[in-house]
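See structure below.
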Amino acid sequence: MADPLSTPRLTSPHLEHFTSRTIRLVGRVTQLRGETATLDSDGVVTAHLNRDAHLTVGNMVEVVGKVNSDLSVRVLRATDWGRDVDFEAVKAVVDATHRYKEIFYGEP
Numbered sequence: 002m003a004d005p006l007s008t009p010r011l012t013s014p015h016l017e018h019f020t021s022r023t024i025r026l027v028g029r030v031t032q033l034r035g036e037t038a039t040l041d042s043d044g045v046v047t048a049h050l051n052r053d054a055h056l057t058v059g060n061m062v063e064v065v066g067k068v069n070s071d072l073s074v075r076v077l078r079a080t081d082w083g084r085d086v087d088f089e090a091v092k093a094v095v096d097a098t099h100r101y102k103e104i105f106y107g108e109p
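Count along the sequence shown from 1, then add 1; that gives the number in my numbering.
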């Protein structure tokens with residue numbers, strides 16, 4: 002059985018399988034508007050920011066948050082990874098995470 006505190010790392014194509022769960026989403030910030038950010042995470046994702054999230058347009062980020070029913074993410078914590086991140090390498094890590102889910106998080 003999956004640890005209830007596990008936060009699987011994913012990109013937007015995986016969101017529909019994790020509704021109402023806490024996850025780690027990686028992507029590049031493409032737009033900031035008030036308390037909302039748009040992320041390119043192998044697809045567009047809307048992130049509802051908390052007051053502690055300090056994001057920069059153009060930077061890669063990892064957000065820990067809860068997936069809403071509309072597949073947006075309510076951000077609990079955000080980490081700025083900067084601009085020099087190879088997103089293809091990040092996607093390979095995400096792919097491995099889901100290919101070997103029994104190691105990382107179990108069944109969603």
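From the three backbone atoms N, C-alpha and C, an ideal C-beta is built for every residue, glycine too. Predicted model, so just to flag it, every value in this text is computed and none were measured.
- Who does H18 pair with in a DSSP beta bridge? Locating residue 18 in the sequence shown gives position 17, counting from the first residue. Per DSSP, none; premise fails for H18.
C-alpha gap between L11 and T31, whole angstroms:
As a position in the sequence shown, residue 11 is number 10, starting the count at 1. As a position in the sequence shown, residue 31 is number 30, starting the count at 1. Going by the C-alpha atoms only, they are around 18 Å apart.
- Query: Which class does D53 belong to by DSSP, given the choice of helix, strand or coil?
  - Reply: By one-based count along the sequence shown, residue 53 stands at place 52. If DSSP states are grouped into helix, strand and coil, D53 belongs with coil.
Problem set entry | Secondary structure of D85, DSSP reduced to three states | By one-based count along the sequence shown, residue 85 stands at place 84. Under the three-state reduction of DSSP output, D85 falls in the coil class, being neither helix nor strand.
Counting Cβ pairs, one atom from each stretch, are 3 or more of them under 8 Å apart for the segment 47-63 and the segment 20-35?
yes
Local Cβ density within 10 Å of A93, reported as buried at 16 or more and exposed below that = Your numbering for residue 93 matches position 92 in the sequence shown. Classification of A93: exposed, given that the 10 Å Cβ count is below 16.
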